[in-house]
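Reading through the structure tokens given below for one structure.
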Amino acid sequence: MTRARANWQENAACRNADPEELFADSTRQNRAKAVCTGCPVRIECLVEALDNRVEFGVWGGMTERERRALLRRRPHVGSWRQVLESVRREQERPRAS
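Each residue of the sequence shown is one higher than the one before, starting from 0 at the first, in numbering that gives the first Met the number 0.
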């Protein structure tokens with residue numbers, strides 16, 4: 000693991016946010032998810048939550064309910080990092096017209 004991956008929290012968009020905002024109830028979760036938009040370590044954050052089955056808070060732009068649903072749909076994923084980095088590469092590919 001590279002140092003950047005090991006210390007991804009240092010680059011997180013939420014590093015100075017109030018934790019109460021990130022562990023908000025359902026009515027305020029959209030504001031917490033907005034903090035994740037454009038975050039340079041969004042995938043690392045989401046991998047942390049999925050691999051460790053974090054039950055509370057918004058991580059990588061997903062609420063606990065969204066993460067639980069994803070985990071139920073894909074119960075046999077061994078490495079969320081591989082899955083999410085593959086999705087990122089696919090999204091970054093230029094689209095054929």
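Heads up, the beta-carbon is just placed ideally off N, CA and C, and yes, glycines get one too.
- Runs of the beta strand (DSSP E) spanning 3 or more residues and lying entirely within the region 38–69 do not occur at all.
- Take the alpha-carbon of Leu49 and the one of Pro93: they are about 28 Å apart.
- Met61 is the residue among Met61, Ser85 and Glu84 whose C-alpha sits nearest the C-alpha of Asn29.
- Just so you know, the alpha carbons of Val82 and Gln90 end up roughly 13 Å apart.
- Rounded to whole angstroms, the Cβ separation of Glu20 and Ala12 is 12 Å, and the two are not in contact under 8 Å.
- Annotation: Trp7 is outside any alpha helix (DSSP H) and is labelled neither H nor E by DSSP.
- With fewer than 16 other CB atoms across the displayed protein chains lying within 10 angstroms of its CB, Glu9 is exposed.
- In the three-state scheme derived from DSSP, where H, G and I count as helix and E and B as strand, Pro18 is classed as helix.
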